[in-house]
Amino acid sequence: MAWLLGVLLGLCGGVAQAADTLRIGGKRFTEAYILVELLGQTARAAGTPVELKPGLGNTAIVYAALKAGSIDLYPEYTGTIALEIVKDPGATGLAALNDRLRPLGLGVAVPLGFNNGYALAMRDDVAARRGIARLSDLARHPDLRLGLSNEFIGRADGWPGLARRYGLTQRPQGLDHGLAYDALAAGQVDMIDIYTTDAKIKQLGLRVLHDDAAHFPRYEAVLLYRLDVPQRFPAGWAALQRLQAGIDERTMIALNARAEIDSVGFERIAREHLGASAVGTAAPAGVPTALAGRFVDKLFGPDLARLTVQHLGLVAAAVALAVVIGVPVALAVAPHP
């Protein structure tokens, strides 16, 4: 009996391993939601089971989830990794970042093709009236009302470092990034922090202040992942590699605009972008991505071996469980001579 239970547990463990799911996390702003959908649909189309965990929170929260193994990867930015995660401003390239991430069991790969940096912006009429075009001009206007995201206020590459670099004395108030544009448009604040691929910059005609002291690094969009991901999900990882350099800044701004201005859903934005791009593998509207494609392609797709092992494991586990429970019960109830 003991050996049979051991076999049963082993089979169940094999089934759990075969059914491994790629968990993709993301931060809580428009671009992150779109990127999570793009990554998820791409991996699903390669036959990889995917669980999406968008909107987890700020950098600290999503990074903690990655370290804890609650997620397997998420879209991040090189400047953030260098300054907030590995704490090394000199780690500017992927090789340097990987050298510092490897001891943590993490890696960075798949540069998506665009830079989404931090910047400060004002309404153009207010900036023109005060003669402000560069960040260094702000020191002459200590009365400016700053509405900055809480993350930016606390980041080393955010307000603390910026204030030191430019000698700024203003006292910013914390604002959720999603509400900051409305507050600026309504005249409730004079300046906000922005992401340079935000669609509302152009919509509201904002003036983005020139970083004349080069305080901000580049924030190239990449994937931050656990090092076991390529081995656990070879087909999904290979598919994600094909996204490299596939989105330039103009394209990312347009995708953000579809969500923020046109109110199109994130799933649809990702599906239509993938369908129109060279790596497009998304399903038609109304069809789950993992089920897209011809029957024969799916039957003999890259997940055939995984699903076969999973199926055999489930069948074997069911048979073993029936033997373990059914035989003793049958012997107990059978009439004895």
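Start counting the sequence shown at 1; every next residue gets the next number (our numbering). Ideal Cβ positions, reconstructed from N, Cα and C, are used throughout, including at glycine.
Extent of the continuous beta strand (DSSP E) run through Lys200 | That residue, Lys200, is in no beta strand (DSSP E); its alpha helix (DSSP H) goes Lys200 to Gln203.
Beta-carbon proximity of Ala91 to His210, cut-off 8 Å = no
Using 8 Å as the threshold, is the region 55 to 63 in touch with the region 26 to 36, meaning 3 or more CB pairs across them?
-> yes
The alpha helix (DSSP H) enclosing Lys344, as first and last residue numbers = Within the shown structure, residues of the chain are numbered from 1 to 337, placing residue 344 beyond reach of any answer.
With Leu66 and Arg226 assumed to form a contact (beta carbons below 8 Å), what rounded beta-carbon distance in angstroms separates them?
-> 7 Å
How about Leu274 and Thr42: are their beta carbons less than 8 Å apart?
-> yes
Between which two residues does the alpha helix (DSSP H) carrying Ile153 extend?
-> Asn150 to Gly154
CB-CB under 7 Å to Glu76, same chain, minus the five flanking residues each way: which ones, in chain order?
-> Val222 and Leu224
Closer than 7 Å by C-beta to Val229: which residues in its own chain qualify, once you throw out the five before and the five after it? Chain order, please.
-> Asp72, Leu73 and Trp237
Starting from Asp193, follow the beta strand (DSSP E) in both directions and report where the run begins and ends.
-> Met191 to Tyr195
Roughly how many angstroms separate the alpha carbons of Asp137 and Asp212, rounded to a whole number?
-> 10 Å
Please name the residue in Asp124, Ile81 and Lys87 whose C-alpha comes closest to that of Leu94.
-> Ile81
Nearest-angstrom Cα separation, counted from Ala139 out to Arg130 | 12 Å
On a CA-only basis, which of Leu144, Val126 and Gly47 is nearest Ala235? Give me that one, please.
-> Gly47
List the endpoints of the continuous beta strand (DSSP E) containing Pro75.
-> Leu73 to Tyr77
Thinking just about the alpha-carbon of each residue, which of Leu204, Arg100, Ile247 and Ala183 is nearest to the one in Glu220?
-> Ile247
So is Gly107 buried or exposed if we call it buried at 16+ other beta carbons inside 10 Å?
-> buried
Take Met252 as the anchor and find which of Glu37, Asn116 and Leu83 has the nearest alpha-carbon.
-> Asn116
Look up Leu94 in the DSSP assignment and say whether it is helix, strand or coil.
-> helix
Where the alpha helix (DSSP H) through Gly40 begins and ends | Thr30 to Ala45
Go through its chain and collect everything with a Cβ distance to Ala32's Cβ below 6 Å, but skip five positions before and after it.
-> Gly26
C-beta contact flag for Leu52 and Gly40 at 8 Å | yes
The alpha helix (DSSP H) with Ala257 in it runs from where to where?
-> Glu249 to Glu260
Cut-off 6 Å between Cβ atoms - residues of its own chain near Leu38, not counting five sequence neighbours on either side | Ala270
Following the continuous alpha helix (DSSP H) through Glu267, name the residue where it begins and the one where it ends.
-> Phe266 to Ala276
Take Leu120 as the anchor and find which of Arg218, Ala214, Val208 and Pro217 has the nearest alpha-carbon.
-> Val208
With hydrogens ignored, establish whether the beta-carbon of Glu84 is closer than 7 Å to any heavy atom of the ligand NAD.
-> This structure simply doesn't include the ligand NAD, nor any ligand for that matter.
What do you get for Thr308, buried or exposed, if any count of 16 or more other CB atoms within 10 angstroms of its CB means buried?
-> Note on Thr308: pLDDT 44, under 50, position unreliable in the model; no value is reported.
Hey, Ser149 and Asp99: beta-carbon distance below 8 Å or not?
-> no
Have a look at the DSSP bridge pairing and note the partners of Ile24.
-> Leu52 and Leu73
Starting from the C-beta of Ala16, find all residues in its chain whose C-beta is less than 6 Å away, skip the five residues before and the five after it, and write them out in chain order.
-> Because Ala16 carries a pLDDT of 40, less than 50, the predicted location of this residue cannot be relied on, and the following value inherits that uncertainty. Counting only Cβ-Cβ distances below 6 Å, and skipping sequence neighbours, we find nothing.
Would you list, in sequence order, the uninterrupted beta strand (DSSP E) runs of no fewer than 3 residues that lie entirely inside the region 95 to 165?
-> 106 to 109, 118 to 123 and 146 to 148
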